[in-house]
Amino acid sequence: MSTETPRRTFAIISHPDAGKTTLTEKVLLLGGGIRSAGTVKGKKSGKFATSDWMDIEKQRGISVTSSVMQLLYDNKQINILDTPGHQDFSEDTYRTLTAVDTAVMVIDSVKGIEAQTLKLFKVCRMRGIPILTFINKLDREGKEPLDLLAEIEEVLEMETFPMNWPIGTGKRLKGIYSIPDETVEMYNEDHDRIIKPYKDVTTLEDYERENLEGEISLLEEAGNEFTIEKVRNGSLTPVFFGSALSNFGVQSFLDQFVKLAAEPQARKASGDFIPPSSPHFSGFVFKIQANMNPNHRDRIAFLRVCSGSFERGMEVTLSRSGKKMKLNQSHSFFASDRETVEKALPGDIVGLYDSGNFEVGDTIVGGGPKIQYEEMPQFPPEKFAKVTAKNAMKHKQYHKGMEQLVQEGTIQLYKTPYFEDYIIGAVGELQFQVFEYRMKHEYKVDIEFIHMTHELARWVTKGKITDQMTDSRKMLVHDQQGRSVLLFENEFALRWFQDKNPDISLSTGWEILE
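If you're matching positions, the sequence shown starts at 2 in our numbering and goes up one per residue.
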């Protein structure tokens with residue numbers, strides 16, 4: 002791909018099963034990135050979603066890890082950061098959202114806004130990321146389109162502007178009307194893309210025309226004013242209707258996406274905003290993934306390029322330590338396939354071979370002042386377990402695997418005072434299963450869990466915790482940075498502690514998730 006092509010870097014946010022993986026595939030298909038789509042529905046044929054590459058993902062039909070995909074469309078290079086759709090993997094998803102300029106929110110037309118979508122939306126709002134909305138599964142019997150718009154406006158407190166409008170839904174679906182150019186994309190069972198001027202469509206009943214024209218008139222009179230400024234500042238979301246599985250409305254969405262999505266933005270570092278046009282190269286590591294190739298024990302740091310240009314072999318400085326290094330091994334990714342990257346521009350994601358130098362959140366600079374991009378937020382886990390290796394002779398592999406998976410952000414690690422027992426924290430149960438799977442298959446270590454009853458983690462920001470303040474319902478541990486963290490069994494135990502110890506200040510680590 003041309004290094005001078007404009008970039009559009011985005012991620013898709015959704016609740017599990019809303020259609021994120023299917024939409025990703027169809028977008029890749031349209032951009033020539035893949036030749037055939039192996040949807041999650043087609044598991045029996047042995048075909049799998051291109052973005053799902055870990056064995057456990059293929060078994061479950063979900064996206065567990067974040068991968069990066071690229072395609073060229075309408076003279077724009079589109080970088081798609083695939084995010085885990087399963088609610089148990091929200092922490093990795095949150096981190097990935099730090100590296101994008103736009104988000105696409107997929108909403109199931111049958112279910113509307115679901116819990117995970119709301120959480121991810123809050124992350125985007127906190128980071129000021131513009132959002133485009135794709136309302137999926139239009140070919141199923143779902144909520145009324147006007148009700149879905151009202152739900153977005155009420156629940157997300159965000160204005161909507163429909164770019165197209167369905168003519169019927171479910172079994173009555175005839176097509177979608179494009180509001181900007183007054184054409185209709187006709188729906189048919191063969192999934193052929195047929196577009197006609199609205200005035201030339203002869204297959205609509207009189208009542209269908211009346212309903213459509215009445216709703217369009219209502220939208221024009223009572224709808225919101227569209228400006229690109231409102232889209233870019235996150236106060237308005239353009240809304241598209243379609244069906245990813247039927248590939249209906251996806252190309253219309255993609256055609257508009259390349260016009261509406263934000264180009265790479267200036268990012269805050271060391272108190273200043275660094276524009277992409279800055280001549281000095283800079284970027285930050287938002288993810289570390291070990292063992293992407295089972296045949297080679299490797300570890301890749303995913304770098305978002307923020308300013309200047311990256312060139313393979315260039316000398317850079319790691320801001321955290323001041324260490325200088327040459328970046329000779331750099332890759333772009335298409336799921337687990339990779340190719341060497343010679344040059345990358347702001348908005349691009351580069352995979353750097355890592356022998357243990359990088360941590361999530363690291364800033365890398367090439368020339369110019371030593372800066373540090375904003376710290377990655379801390380996400381409070383909700384499940385905890387004490388963990389040990391079943392075979393004490395595997396002590397070395399156990400600690401290596403634990404260290405690498407914690408650095409990747411697969412799991413959070415805490416230690417008890419005095420004895421330094423290992424306690425791992427996760428957002429959901431499946432995170433434990435992936436941790437166990439990877440320890441067994443990548444590090445050859447069988448581990449044992451003792452699940453704990455604690456559900457809440459609170460960082461101690463003021464005051465000192467004494468042994469008299471803790472018991473089985475409230476436990477003191479230390480995180481990776483050595484900070485004091487209290488684990489509580491439930492909200493009642495937390496409130497009781499706060500009432501008894503008003504001088505102790507506690508934080509969730511990231512208040513927006515509460």
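Backbone N, C-alpha and C define an ideal beta-carbon position, used for all residues, glycine too.
All figures in this text were calculated on a predicted structure; none of them were measured in a lab.
- Of the candidates Ile372, His452, Lys77 and Ser308, the residue whose Cα lies closest to the Cα of lysine 260 is Lys77.
- Per DSSP, reduced to three states, the secondary structure at arginine 439 is helical.
- Using a Cβ distance threshold of 8 Å, asparagine 137 and isoleucine 108 count as a contacting pair.
- Per DSSP, the unbroken beta strand (DSSP E) holding serine 508 starts and ends at 506-508.
- The criterion of a C-beta distance shorter than 8 Å is satisfied by lysine 197 and threonine 184.
- For threonine 10, the CB contacts under 6 Å within the same chain, skipping 5 residues up- and downstream, are Asn80, Val101, Asp102 and Gly348 in chain order.
- Pairing alanine 12 with alanine 104 gives a Cβ-Cβ distance under 8 Å.
- Restricted to the stretch 188-263, the alpha helix (DSSP H) segments that are unbroken, complete and at least 4 residues in length are 207-223, 229-233 and 251-261, listed in chain order.
- Setting aside the 5 residues that flank it on each side, leucine 150 is surrounded in the same chain by Thr161, each with a C-beta closer than 6 Å to its C-beta; the list follows chain order.
- When C-beta atoms of the stretch 118-136 are compared with those of the stretch 234-251, three or more pairs fall below 8 Å, so the two segments count as touching.
- The stretch 374-390 makes contact with the stretch 268-275; the number of CB pairs closer than 8 Å reaches 3 or more.
- In the structure shown, glutamate 152 falls within a helical segment according to DSSP collapsed to helix, strand and coil.
- If you look at lysine 27, you'll find it in the alpha helix (DSSP H) that goes 21-31.
- The shortest CA-to-CA distance from proline 277 to any of Leu213, Ala345 and Val317 is the one to Ala345.
- Burial is judged here by how many other beta carbons sit within 10 angstroms of a residue's own beta carbon; serine 308 has at least 16 and is buried.
- Residue pairing by DSSP places serine 485 opposite His479 in a beta bridge.
- Each residue's CA atom was taken as its position, placing arginine 8 and leucine 246 some 27 Å apart.
- Here leucine 147 is near glutamate 216, since their CB atoms are less than 8 Å apart.
- One thing to note: threonine 170 has its Cβ no nearer than 8 Å to the Cβ of isoleucine 14.
- Annotation for threonine 161: the continuous beta strand (DSSP E) segment containing it runs 160-163.
- In the three-state reduction of the DSSP assignment, threonine 10 falls in the strand class.
- Lysine 27 and asparagine 392 have their C-alpha atoms spaced approximately 46 Å apart.
- Scanning its chain for C-beta atoms nearer than 7 Å, with the 5 sequence neighbours on each side dropped, one finds around isoleucine 275 the residues Ala267, Arg268, Ser283, Cys307, Ser308 and Ile372, in chain order.
- Here threonine 170 carries a coil assignment [DSSP, helix/strand/coil].
- Straight-line spacing of the CA atoms in aspartate 182 and serine 253 works out to 12 Å.
- Within the same chain, Tyr95 and Leu98 come within 6 Å of valine 124 by CB-CB distance, once the 5 residues on both sides are set aside.
- For phenylalanine 303, the enclosing beta strand (DSSP E) begins and ends at 300-308.
- About 6 Å separates the beta carbons of glycine 464 and serine 506, which is inside the 8 Å limit, making them a contact pair.
- The Cβ atoms of glycine 32 and leucine 72 lie closer than 8 Å to each other.
- Within its own chain, the residues whose Cβ lies closer than 8 Å to the Cβ of valine 111, once the five positions on either side in sequence are excluded, are Lys138, Arg141, Glu142, Gly143 and Lys144, listed in chain order.
- Here alanine 223 is exposed, its C-beta having fewer than 16 other C-beta atoms within 10 Å.
- Rounded to whole angstroms, the Cβ separation of valine 446 and lysine 501 is 41 Å, and the two are not in contact under 8 Å.
- For aspartate 109, the uninterrupted beta strand (DSSP E) segment begins and ends at 103-109.
- Uninterrupted alpha helix (DSSP H) stretches at least 4 residues long and entirely within the stretch 376-410 occur at 396-409, given in chain order.
- Note on aspartate 201: under 16 other CB atoms within 10 angstroms of its CB, so exposed under the neighbour-count rule.
- Under a 10 Å Cβ-count criterion, aspartate 193 is classified as exposed, with fewer than 16 other Cβ atoms of the shown protein chains found around its own Cβ.
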